[in-house]
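Student: First, the structure itself, so that you have it in front of you.
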Amino acid sequence: MPNKHINPQLLSQKVAIIGAGPGGLAAAIALANLGLDVQVYEKAQDLRPAGTGLGLSPNGLNCLEAISPGIINALTSCGCLVRRAVVKSMTGETIKINPTTFSEKYGQPLLTVWWWRLQQTLASRLSSAIIHLNHRCIGFQQDEDGVEIYFEHGKTEYADLLIGADGLHSAVRETLFSEGKPNYLGSMCWRAVVEYHHELFDSYDLVFVKGNQQFMFLLNVGGGYTSWISRKFIPNYTLSQNAEQVKARILDELTGWDESFRAVVEATPAGQIWEGPICDRPPLTHWSKNRVTLLGDAAHPMAPAMAQGANSTFEDVCELQACLSQAASLTEALTTYEQRRIQRTSLIQARSAVGEMRYYDIDAVKQTQEQAAPSHDSFPDWLYSYKPPAVL
Numbered sequence: 006m007p008n009k010h011i012n013p014q015l016l017s018q019k020v021a022i023i024g025a026g027p028g029g030l031a032a033a034i035a036l037a038n039l040g041l042d043v044q045v046y047e048k049a050q051d052l053r054p055a056g057t058g059l060g061l062s063p064n065g066l067n068c069l070e071a072i073s074p075g076i077i078n079a080l081t082s083c084g085c086l087v088r089r090a091v092v093k094s095m096t097g098e099t100i101k102i103n104p105t106t107f108s109e110k111y112g113q114p115l116l117t118v119w120w121w122r123l124q125q126t127l128a129s130r131l132s133s134a135i136i137h138l139n140h141r142c143i144g145f146q147q148d149e150d151g152v153e154i155y156f157e158h159g160k161t162e163y164a165d166l167l168i169g170a171d172g173l174h175s176a177v178r179e180t181l182f183s184e185g186k187p188n189y190l191g192s193m194c195w196r197a198v199v200e201y202h203h204e205l206f207d208s209y210d211l212v213f214v215k216g217n218q219q220f221m222f223l224l225n226v227g228g229g230y231t232s233w234i235s236r237k238f239i240p241n242y243t244l245s246q247n248a249e250q251v252k253a254r255i256l257d258e259l260t261g262w263d264e265s266f267r268a269v270v271e272a273t274p275a276g277q278i279w280e281g282p283i284c285d286r287p288p289l290t291h292w293s294k295n296r297v298t299l300l301g302d303a304a305h306p307m308a309p310a311m312a313q314g315a316n317s318t319f320e321d322v323c324e325l326q327a328c329l330s331q332a333a334s335l336t337e338a339l340t341t342y343e344q345r346r347i348q349r350t351s352l353i354q355a356r357s358a359v360g361e362m363r364y365y366d367i368d369a370v371k372q373t374q375e376q377a378a379p380s381h382d383s384f385p386d387w388l389y390s391y392k393p394p395a396v397l
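Heads up: the sequence shown begins at 6 in my numbering, then just goes up one per residue.
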């Protein structure tokens with residue numbers, strides 16, 4: 006049903022979203038709920054199994070539930086409620102056991118889920134007719150009447166509002182700001198999701214293994230699947246030449262580690278292991294120009310140290326939905342959206358970059374933005390207690 010309170014001029018507008026990741030799909034659901042004509046354009050030819058395991062924290066879950074009521078139950082059934090986490094040394098000794106207290110403190114749990122399962126769950130809440138695959142955006146032009154969007158192979162589409170939800174290497178952001186390559190943070194990553202039950206999951210749901218300027222996460226992401234993620238401090242990275250080299254390289258990096266940690270990597274087909282650098286970009290002073298805006302990693306890509314990439318994206322979606330429901334014009338909506346989001350996401354970006362280096366026991370220099378952040382003790386409350394705004 007169309008939203009009765011939204012400005013009729015906004016209601017008639019066509020919205021194009023670039024990217025069918027969780028952020029783009031959540032935005033499509035939220036804006037379709039307002040009655041807007043939403044179309045999603047995705048570069049992939051199909052939505053096949055992909056991505057890593059991720060943590061959905063209370064701020065993100067609050068937003069997802071506001072966007073699509075009942076979705077937490079659906080994600081819980083295909084993910085894992087984290088009740089106990091353990092910190093291990095690389096040789097297998099237990100350093101610390103941490104029962105989680107998210108539900109007691111913030112009213113929502115910590116939920117680990119496979120990125121692909123999250124994408125599937127969100128896509129199931131949309132008509133397949135609005136998700137257009139094999140559409141790689143290469144740029145756009147806009148004027149006062151609308152936006153002309155360009156795709157590979159000569160395809161074009163038109164919209165009144167263009168939302169770039171196309172990630173770290175966003176074509177929409179590059180067209181807006183011409184920044185070039187992202188910033189490498191000195192952290193190299195290998196990861197995969199594999200059908201594998203790790204023996205530690207009999208007692209714990211999340212395992213953090215600390216090595217020498219290197220670490221590993223083992224996440225139970227539900228359904229018998231394990232997400233393993235290994236990162237190492239490497240100031241100047243190089244990429245392997247093929248999948249077999251990738252697997253051989255990460256196993257070599259794990260020399261001397263307990264065999265149970267190496268076993269999950271050994272059980273992973275080489276072609277399923279992703280290798281790449283951890284990057285971010287500087288915070289922007291504005292995200293929008295006229296009829297174009299950004300959300301998620303396209304707007305504020307961050308290191309994964311605080312697991313806030315997806316969660317902050319869902320915050321963006323709720324704020325954008327609220328702004329569009331309340332504003333008298335598109336310009337007012339996008340201006341308000343930026344004002345509500347940029348300071349918060351800049352602080353999370355800065356904290357995440359510092360947190361990434363702290364994994365390696367490197368005394369990272371704090372960014373200017375971080376000095377204005379809440380104190381260390383209050384930061385988790387500030388982060389996880391976020392509640393989405395009301396939609397009129």
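Don't be surprised by glycine CBs; every beta carbon is placed ideally from N, CA and C.
Given the structure is predicted, the values throughout are model-derived calculations rather than measurements.
Let me know the secondary structure DSSP gives M95 once reduced to three states.
Tutor: M95: coil per DSSP, three-state reduction.
Student: Just list the residues that DSSP pairs N247 with in beta bridges.
Tutor: N247 pairs with nothing; no bridge assigned.
Student: Going by DSSP in three states, W292 sits in which element: helix, strand or coil?
Tutor: Residue state, collapsed to three classes: coil.
Student: Could you have a look at Q113 and say whether DSSP puts it in helix, strand or coil?
Tutor: Coil, per DSSP.
Student: Is the separation between the beta-carbon of T404 and that of L339 shorter than 8 Å?
Tutor: The structure shown does not extend to residue 404, since the chain is modelled only from 6 to 397, so the question has no answer here.
Student: What does DSSP give as the partner residues of C194 in its beta bridges?
Tutor: Looking at the DSSP assignment, C194 forms a beta bridge with R236, G281.
Student: Does P287 come out as helix, strand or coil in the three-state DSSP assignment?
Tutor: In this structure, P287 counts as coil in the three-state DSSP scheme.
Student: Using the C-alpha atoms, what's the distance from D171 back to L402?
Tutor: The requested residue 402 is not part of the displayed model; the chain covers only 6 to 397.
Student: Nearest to I234 by CA position, among N241, S245, L244, F222, is which residue?
Tutor: The option with the nearest alpha carbon to I234 is F222.
Student: Going by Cα to Cα distance, which pick from W195, R254, Y230, L205 is closest to E280?
Tutor: Answer by Cα proximity: W195.
Student: Find the nearest neighbour of Q113 within the set R178, E70, E249, P104, judged by alpha-carbon distance.
Tutor: Per the Cα distances, E70.
Student: For my contact list, Y389 and S62 are in at a C-beta cut-off of 8 Å; report their separation, rounded to the angstrom.
Tutor: Sure, about 6 Å apart at Cβ, within 8 Å.
Student: Determine the DSSP secondary structure at W119, reduced to helix, strand or coil.
Tutor: Reduced to three states, the DSSP call for W119 is strand.
Student: Opposite C101 in the DSSP bridges: which residues?
Tutor: With the sequence shown as reference, residue 101 is identified as Lys, and Cys is not the correct amino acid for it. Answer is V92.
Student: The beta strand (DSSP E) that contains E153, what's its start and end?
Tutor: From DSSP, the beta strand (DSSP E) with E153 extends over 151-156.
Student: Terminal residues of the continuous beta strand (DSSP E) containing I311?
Tutor: Before going on, a small fix: residue 311 reads as Met here, not Ile. From DSSP, M311 is part of no beta strand (DSSP E); its letter is neither H nor E.
Student: Applying the 10 Å Cβ sphere with the 16-neighbour rule, what's the burial state of S73?
Tutor: With 16 or more other Cβ atoms within 10 Å, it is buried.
Student: Less than 8 Å between CB atoms is the rule here; does D42 satisfy it with respect to chain D?
Tutor: Among the chains of the structure shown, chain D does not appear; only one protein chain is present.
Student: Taking the CB atoms as reference points, tell me whether A332 and V396 lie closer together than 8 Å.
Tutor: Contact flag unset, no.
Student: What residues in its chain sit with their C-beta under 7 Å from that of R286, if we drop five residues either side in the sequence?
Tutor: Within the same chain, R286 has close Cβ partners E184, P187, N188, P306.
Student: Cα separation between P132 and L166?
Tutor: For the sequence presented, residue 132 should be read as Ser rather than Pro. Distance between the alpha carbons of S132 and L166 is about 20 Å.
Student: Mind checking who W220 pairs with in its DSSP beta bridge?
Tutor: Looking at the sequence shown, residue 220 is not Trp but Phe. DSSP lists K215, R236 as partners of F220.
Student: Y365 by DSSP, collapsed to three states: which one?
Tutor: Of the three classes helix, strand and coil, the one that applies to Y365 here is coil, per DSSP.
Student: Among V359, I100, W120, R141, which one has its Cα closest to the Cα of A55?
Tutor: The option with the nearest alpha carbon to A55 is W120.
Student: Among F319, E271, R363, which residue has its Cα nearest to the Cα of K237?
Tutor: Here the closest residue by C-alpha is R363.
Student: In chain order, what residues of the same chain have a beta carbon less than 8 Å from the beta carbon of S357, not counting five sequence neighbours either side?
Tutor: Only D285, M307, A308, P309, A310, M311, Q313 meet the Cβ criterion.
Student: In this structure, does DSSP put D263 in helix, strand or coil?
Tutor: In this structure, D263 counts as coil in the three-state DSSP scheme.
Student: May I ask you to list the residues that DSSP assigns as paired with V20?
Tutor: Answer is V43, L166, bridged to V20.
Student: Would you mind giving the Cβ-Cβ distance between L116 and L80, rounded to the nearest angstrom? I have them listed as a contact below 8 Å.
Tutor: Correct: roughly 6 Å between the Cβ atoms.
Student: Return the CA-CA distance between G229 and G360, expressed in angstroms with no decimal places.
Tutor: The straight-line gap from Cα to Cα measures roughly 30 Å.
Student: Can you tell which of R88, A90, S94 has the C-alpha that lies nearest to the C-alpha of F266?
Tutor: That would be S94, whose Cα lies nearest to the Cα of F266.
Student: Identify which residue in L39, L86, I143 has its Cα closest to the Cα of G24.
Tutor: It is I143.
Student: Shortest alpha-carbon distance to F384 belongs to which of T106, R349, I367?
Tutor: Measuring from the Cα of F384, the nearest candidate turns out to be R349.
Student: Check the DSSP bridge columns for F182 and list the partner residues they point to.
Tutor: The partner list for F182 (beta bridge, DSSP) is empty, contrary to what the question assumes.
Student: Alpha carbon to alpha carbon, how far is I353 from Q50?
Tutor: Roughly 33 Å between the two C-alpha positions.
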